[in-house]
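Here the protein sequences line up with chains G and W, keeping their order. Those letters in the first sequence? Residues 1 to 150, by the numbering used here. Those letters in the second sequence? Residues 1 to 428, by the numbering used here. Here a beta-carbon is modelled for each residue, glycine too, at the ideal position from N, C-alpha and C. Structure first, commentary second.
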Amino acid sequence: MSSELDDLYQDVILDHGRKPRNFRKIEGANRQAEGLNPLCGDHFKLYLKLDGDRIEDIAFDGSGCAISKASASLMTSAIKGKTVAEAEAMFARFHTLVTEGPDKVSMADLGKLAALSGVCEFPTRVKCASLVWHALKSALASQPTVVTTE
Amino acid sequence: MVAQVHPSPPEAEVVRLHRPVHEAYDVERVRCDFPILARPVRGRPLVYLDSAATTQKPRPVVEAMARFFDQENANVHRGVHFLSERATEAYEGARERVRRFLNARQASELVFVRGTTEALNLVAFTFGRARVGPGDEVLVSAMEHHSNIVPWQMLCEERRAKLVVAPIDDRGVLLLDELERRLGPRTRVLAVTHVSNALGTVNPVKRIVEIAHAHEVPVVVDGAQGAPHLPADVQDLDCDFYAFSGHKIYGPTGIGVLYGKAEHLEAMPPWQGGGDMILSVTFEKTTYNRIPYRFEAGTPNMAGAVGLAASLDWLAALPLEAARAHEEALLAYGTEVLSSVPGLRIVGTAPDKVAVLSFVFEDIHPHDIGTVLDREGIAVRTGHHCAQPLMQRLGLQATVRASLGLYNTRGELDALKVGLEKVRRMFA
Chain G
1 MSSELDDLYQ DVILDHGRKP RNFRKIEGAN RQAEGLNPLC GDHFKLYLKL
51 DGDRIEDIAF DGSGCAISKA SASLMTSAIK GKTVAEAEAM FARFHTLVTE
101 GPDKVSMADL GKLAALSGVC EFPTRVKCAS LVWHALKSAL ASQPTVVTTE
Chain W
1 MVAQVHPSPP EAEVVRLHRP VHEAYDVERV RCDFPILARP VRGRPLVYLD
51 SAATTQKPRP VVEAMARFFD QENANVHRGV HFLSERATEA YEGARERVRR
101 FLNARQASEL VFVRGTTEAL NLVAFTFGRA RVGPGDEVLV SAMEHHSNIV
151 PWQMLCEERR AKLVVAPIDD RGVLLLDELE RRLGPRTRVL AVTHVSNALG
201 TVNPVKRIVE IAHAHEVPVV VDGAQGAPHL PADVQDLDCD FYAFSGHKIY
251 GPTGIGVLYG KAEHLEAMPP WQGGGDMILS VTFEKTTYNR IPYRFEAGTP
301 NMAGAVGLAA SLDWLAALPL EAARAHEEAL LAYGTEVLSS VPGLRIVGTA
351 PDKVAVLSFV FEDIHPHDIG TVLDREGIAV RTGHHCAQPL MQRLGLQATV
401 RASLGLYNTR GELDALKVGL EKVRRMFA
């Protein structure tokens with residue numbers, strides 16, 4: 001098995017893909033967005049409970065590949081309790097990580113998101129990892145619309 | 001691969017029909033025509049199982065196109081000069097080559113287009129627009145590719161007509177009695193695929209045309225996946241339109257063909273306006289050219305047409321029955337190999353199929369399967385295959401699709417199985 005493949009499907013990714021965290025619907029969510037990848041049919045719904053500027057709760061449901069599901073699981077874990085500004089800064093770091101690679105970003109700031117460091121070697125899978133992040137951006141901008149990665 | 005014999009044509013046919021299949025088809029020899037098959041991918045030998053997306057191109061096709069550019073290139077139908085004459089001969093020669101391939105009555109029934117998608121749009125927005133009015137119906141099947149759904153949907157929206165769908169069973173077989181039941185007094189067009197791109201199902205087009213014609217409904221056939229694998233004799237099928245793409249039949253991208261019965265093409269309004277599709281233009285009135293030129297506005301894809309003709313020549317030079325038998329044997333072998341993989345389910349089990357193997361594996365997402373196989377040098381398609389309504393009907397989000405061509409081998413199907421075991425080890 002190629003080492004790039006092992007970097008992509010790290011144990012953390014496989015674990016979060018199999019047993020995604022925050023995989024539920026939030027009743028009474030006050031922000032919501034959908035992420036749809038028309039290329040492969042991945043489809044997630046993201047639910048947020050915003051308390052002022054703070055993301056009090058965040059969860060998702062839907063279906064998709066191991067990468068998109070693990071990314072959603074890691075993202076929701078990483079930004080729960082954070083402020084909107086902190087979440088946006090996290091998005092920027094994540095984006096740099098999956099498009100430019102782990103050398104371009106401080107791994108310490110990424111926390112568990114660092115498990116997605118192998119994605120940059122797989123250009124066709126960047127969309128999978130980014131899907132739910134785009135949904136987050138849409139939810140935070142209060143545009144409760146379907147976002148796509150196409 | 002074929003012994004040099006020069007008997008009179010009828011004898012040649014006899015020789016071909018009686019040659020034992022396994023002797024006549026030498027797949028290794030065929031592979032030699034495709035340099036790309038010899039290149040390594042990700043450090044491994046390429047296993048190309050994505051021919052339904054696009055086939056690889058044999059050397060004679062690439063060489064014919066290079067020769068056209070090197071020796072004959074000029075604009076067609078315009079210049080009085082030598083090269084324009086040669087280019088026109090090459091382009092119109094390609095049209096005649098396609099006529100023989102489809103057994104059309106006359107070359108003017110063949111319109112060169114970019115591909116099947118453009119052909120279907122052309123029919124929808126000329127023939128369809130003139131024929132379909134408010135309250136009318138367009139009938140399609142549940143297994144259509146988006147390109148044989150969306151143009152009709154757009155037309156129905158524009159004309160306030162209704163898109164009606166003929167259902168399939170769980171194996172992916174079109175239900176003919178259900179189809180016939182939906183051919184009502186308001187049905188203006190039936191659009192159906194020859195072969196399902198996602199499942200490989202072969203539709204009995206000749207029978208479908210008989211049924212539809214009994215209800216006086218014209219039939220548009222999407223031949224993108226049919227023409228590369230099956231005889232596409234438009235007189236025998238008696239379809240009103242037949243569309244296919246060059247790049248799925250060992251030819252280049254950017255060229256395809258719309259066949260239409262002359263009586264239809266003659267009656268159809270033009271589609272795109274421009275040069276070559278006119279006889280005369282004044283600011284008051286334009287007189288349109290005769291068929292097929294009326295539908296070929298602008299400078300056409302001349303090299304593409306030449307490449308397509310070369311691909312049809314290349315196919316014709318193969319021992320055809322043996323080549324088809326090779327594909328059938330690959331399908332049978334692939335079905336057997338995949339069926340022996342625990343947790344794998346083949347999607348699309350129609351009794352009449354071409355060499356397409358769509359499947360799901362455990363609960364592993366097809367995208368993840370595709371990525372792991374890719375690292376083994378194996379190219380498969382994953383996703384909904386531009387047939388989302390079909391996927392919904394089958395209760396699936398996506399499948400993995402291995403689609404085979406004339407150059408594939410049993411060994412490659414064995415490699416697929418080995419690759420799938422690696423997928424299992426990674427995700428199980």
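Using the beta-carbon of each residue, which ones in chain G are nearer than 7 Å to residue i?
i	result
GLN397(W)	GLY41 and SER63
HIS367(W)	CYS40, CYS65 and CYS128
Given a cut-off of 8 Å on the beta-carbon distance, is the pair residue i and residue j in contact?
i	j	result
ARG93(G)	LEU110(G)	yes
PHE23(G)	LEU46(G)	no
LEU258(W)	VAL111(W)	yes
VAL140(W)	ALA191(W)	yes
THR55(W)	GLY405(W)	yes
VAL221(W)	HIS194(W)	yes
GLU180(W)	LYS162(W)	no
SER403(W)	SER51(W)	yes
Tell me which residues share the same chain as residue i and place their Cβ nearer than 7 Å to its Cβ, disregarding the 5 neighbours each side in the sequence.
i	result
THR88(W)	VAL76 and HIS77
PRO167(W)	ALA142, LEU175 and GLU178
ARG324(W)	none
THR409(W)	VAL27
PHE359(W)	LEU338, LEU344, ARG345, ILE346, VAL347, THR399 and VAL400
ALA29(G)	TYR47, LEU48 and LYS49
PRO45(W)	GLY377
VAL234(W)	LEU102, ASN103, ALA104, TYR242 and TYR259
PRO351(W)	none
SER3(G)	none
Residues of chain W with CB under 7 Å from residue i, in chain order?
i	result
PHE122(G)	THR371
ARG125(G)	THR371
Could you give the residue range of the alpha helix (DSSP H) that holds residue i?
i	result
LYS127(G)	126-140
ARG31(W)	27-31
ARG424(W)	410-427
VAL205(W)	205-214
VAL234(W)	234-237
Whose Cβ in chain G lies nearer than 8 Å to the Cβ of residue i?
i	result
THR382(W)	CYS40
Can you name the residues that DSSP bridges to residue i?
i	result
ALA191(W)	VAL140(W) and VAL220(W)
PHE112(W)	VAL257(W)
PRO40(W)	PRO45(W)
ASN37(G)	ASP42(G)
LYS353(W)	THR201(W)
THR83(G)	ARG54(G)
VAL76(W)	Beta-bridge pairing links VAL76(W) to no other residue.
PHE23(G)	PHE60(G)
LEU48(G)	ARG31(G) and ILE58(G)
ILE346(W)	PHE359(W)
SER280(W)	THR287(W)
Could you spell out the range, first to last residue, of the beta strand (DSSP E) harbouring residue i?
i	result
ILE13(G)	Not the beta strand (DSSP E): ILE13(G) falls in the alpha helix (DSSP H), residues 11-18.
VAL508(W)	Outside the shown range of chain W (1 to 428) lies residue 508(W), about which nothing can therefore be said.
THR382(W)	381-383
ILE291(W)	Where ILE291(W) is concerned, there is no enclosing beta strand (DSSP E), given that its DSSP letter is neither H nor E.
PHE60(G)	54-63
LEU163(W)	162-166
ARG401(W)	399-403
TYR91(W)	Element bounds for TYR91(W): not the beta strand (DSSP E) but the alpha helix (DSSP H), 82-102.
ALA243(W)	241-245
LEU8(G)	LEU8(G) -> not in any beta strand (DSSP E); alpha helix (DSSP H) instead, spanning 3-8.
Closer than 8 Å by C-beta to residue i: which residues in its own chain qualify, once you throw out the five before and the five after it? Chain order, please.
i	result
ARG375(W)	ARG42
LEU97(G)	LYS104, VAL105, LEU110, LEU113, ALA114, LEU116, SER117, VAL119 and CYS120
ALA387(W)	MET143, GLU144, HIS145, HIS146, SER196, ASN197 and ALA198
GLY254(W)	ARG114, GLY115, GLY246, HIS247, ASN301 and GLY304
To which residues of the same chain is residue i closer than 6 Å at the C-beta, ignoring the five residues directly before and after it?
i	result
HIS6(W)	For HIS6(W), the predicted structure reports a pLDDT of 41, less than 50, and the residue's modelled location is therefore unreliable. A value from the coordinates is still provided. So the list is empty, once near-sequence residues are dropped.
ALA115(G)	GLN10, VAL12 and ILE13
ILE67(G)	ARG125, CYS128 and ALA129
VAL21(W)	At VAL21(W), the pLDDT of 44 sits below 50, so the modelled position is not reliable and the matter cannot be decided from this model.
GLU412(W)	VAL47
ARG67(W)	none
PRO467(W)	What is shown of chain W runs 1 to 428, which leaves residue 467(W) out entirely.
ASP238(W)	VAL209
ALA53(W)	ARG381
PRO102(G)	SER117
ALA24(W)	PRO319 and ALA322
Could you work out which residues of chain W lie near residue i, taking near to mean beta carbons separated by less than 8 Å?
i	result
LEU5(G)	THR371, VAL372, ARG375 and MET426
Note down, in chain order, every chain W residue with its Cβ under 9 Å from the Cβ of residue i.
i	result
TYR9(G)	ASP368, THR371, VAL372, MET426 and PHE427
Would the beta-carbon of residue i be found less than 7 Å away from any heavy atom of the ligand FMN?
i	result
GLY133(W)	You won't find the ligand FMN in this model; it holds no ligand whatsoever.
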